[in-house]
Amino acid sequence: MDALILLGSFLLLILIGMPVAYALGAAALIGAWWIDIPFQAMMIQITGGVNKFSLLAIPFFVLAGAIMAEGGMSRRLVAFASVLVGFVRGGLSLVNLVASSFFGAISGSSVADTASVGSVLIPEMERRGYPREFATAVTVSGSVQALLTPPSHNAVLYSLAAGGTVSIGSLFMAGIVPGIMMNLCLMALCLVFAKKRNYPKGEVIPLKQALKICKEAMWGMMTLFIILGGILSGVFTATESAAIAVVWAFFVTMCIYRDYKWSELPKLMHRTVRTISIVMILIGFAASFGYIMTLMEIPAKITTAFLTLSDNRYVILMCINVMLLLLGTVMDMAPLILILTPILMPVIVGIGVDPVQFGMIMLVNLGIGLITPPVGAVLFVGSAIGKVSIESTVKALLPFYAMLFVVLLLVTYVPAISLWLPHLVL
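The numbering used here applies: residue 3 is where the sequence shown begins, and numbers increase by one.
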């Protein structure tokens, strides 16, 4: 009955149109009232939920990504990707995916990735003879890997939701191989389509121009090297690397590229603060919601239910994948991470799955949800930028979904894909 009151009130509030963050807080208050917990205790949980040093990584990484996104980085990354893969048949689709990899490794956001790369490449791909639906599908599916590779904001959220038992650095390292594998699978699919549909070849860029393009792009790419190099060398923590990334992004944008006006910085800061305020409200209310769930013993009951269902961890992982995929299509990623991680952590520990690997499993599942209707935020952004209907985009995405599911199965059932690099370097 306790679980019904808490979860039922949460779902009811969402159904009547209340924002997810506030629905979490209101449901937590209803749950506290039901089990007779003082509301003062809820306030302590809310303030404690956002009073964590590791959370500083989120606003800094968001700000760094925003500065680089609006400072001309996406255009330079597209040009750099063209140097690398633009000369093969269907090369512009590969350029799209490679540019998404580079930009995702700077912004850590699928939405920012889709908006920045898509606004440049979708019109260009159509001009070169690619169907607009296909160009949009490539852009949308390619942005999923931004959730895996550092500096992923959602990896930081997962570390927080796991109670700090999983280090952000380990999650950053764990996402590199799955992210690369995902992009290679999508690139292989694009090459098949290019040959089958006879998409155009790109032109080989002259050496002198290619060197100039590479030089300009390297200034932005240094952001990733600074983040990973600093963490691996022990010079600074993952949280501190976010602040350093902001300083570097600001220096490159305002002093090297000089494409951004100083007068526009206050507006950028305002947009960033608005984004971060929403995230912090969500984190605080999710902490109170998780506190009530713990008091009601909901995680323990769900663990028992899964273990009763089967004692085979592969079957349990498959059931968890199905659940995450379904939930990811109807709810945004951040609240799902904050809600489900405390619930599922005892389950995956009980069946012997490494929490770092499970972080990658969760990110891939929910990332697919972001490009799947009815509530796929990245899908909506991509369709709006591509100026195509949701239905047309989803139809074009079907083969890309298949490749993403293959990656999901590999990440789920081959632990070494996620764990090899963290064990090697940390």
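Ideal placement from N, C-alpha and C gives every residue a C-beta, glycine not left out.
The model shown is predicted, which means the values in this text are computed figures rather than measured ones.
With distances taken between CA atoms, L9 lies nearest to M298 out of M298, D334 and G354.
Assigned with DSSP and collapsed to three states, R91 falls in strand.
With contact defined as three or more Cβ pairs closer than 8 Å, the region 272-289 and the region 63-75 are in contact. Taking C-beta atoms as the reference points, V409 and P180 count as a pair closer than 8 Å. Looking at the DSSP output, K54 bridges to nothing. Take S56, set aside five residues on each side of it, and the residues of its chain with a beta-carbon closer than 6 Å to its own are T241, in chain order.
With 16 or more neighbouring CB atoms inside 10 Å of its own CB, E72 falls in the buried class. Boundaries of the alpha helix (DSSP H) around N185: I170 to R199.
Note on geometry: alpha-carbon atoms of L267 and F41 lie some 40 Å from one another. If the five residues before and after I387 are omitted, its C-beta is found closer than 8 Å to the C-beta atoms of T116, A117, G120, S121, I124, T138 and T141, all from its own chain and listed in chain order. Across the structure, L15 and S143 are spaced so that their CA atoms are roughly 31 Å apart. Contact between the region 244-257 and the region 68-85 is present: three or more C-beta pairs spanning the two stretches fall below 8 Å. Distances from the CA of M325 to each of Y403, S103, T274 and L368 were compared; the closest alpha carbon is that of L368. Taken atom to atom, the span from the alpha-carbon of V390 to that of A398 is near 11 Å.
Cα atoms of V380 and M189: separation of roughly 19 Å, rounded to the nearest angstrom.
The distance from the Cβ of I304 to that of G330 is about 18 Å, inconsistent with a contact at the 8 Å cut-off.
Within the same chain, and ignoring the five residues on either side of F360 in sequence, the residues whose Cβ sits closer than 7 Å to its Cβ are I350. Between I283 and the set A5, S11, M3 and Y24, the nearest pair of CA atoms involves Y24.
Collapsing the DSSP output to three states places K203 in a strand. The alpha carbon of S145 has as its nearest neighbour, out of P417, V366, Q211 and V427, the alpha carbon of V366. For L26 and L270, the gap between their C-alpha atoms comes out near 29 Å. Excluding the 5 residues flanking it on each side, V113 has same chain C-beta neighbours closer than 7 Å at A379, V380 and V383, in chain order.
Going by DSSP, E128 is part of the alpha helix (DSSP H) stretching over S112 to R129.
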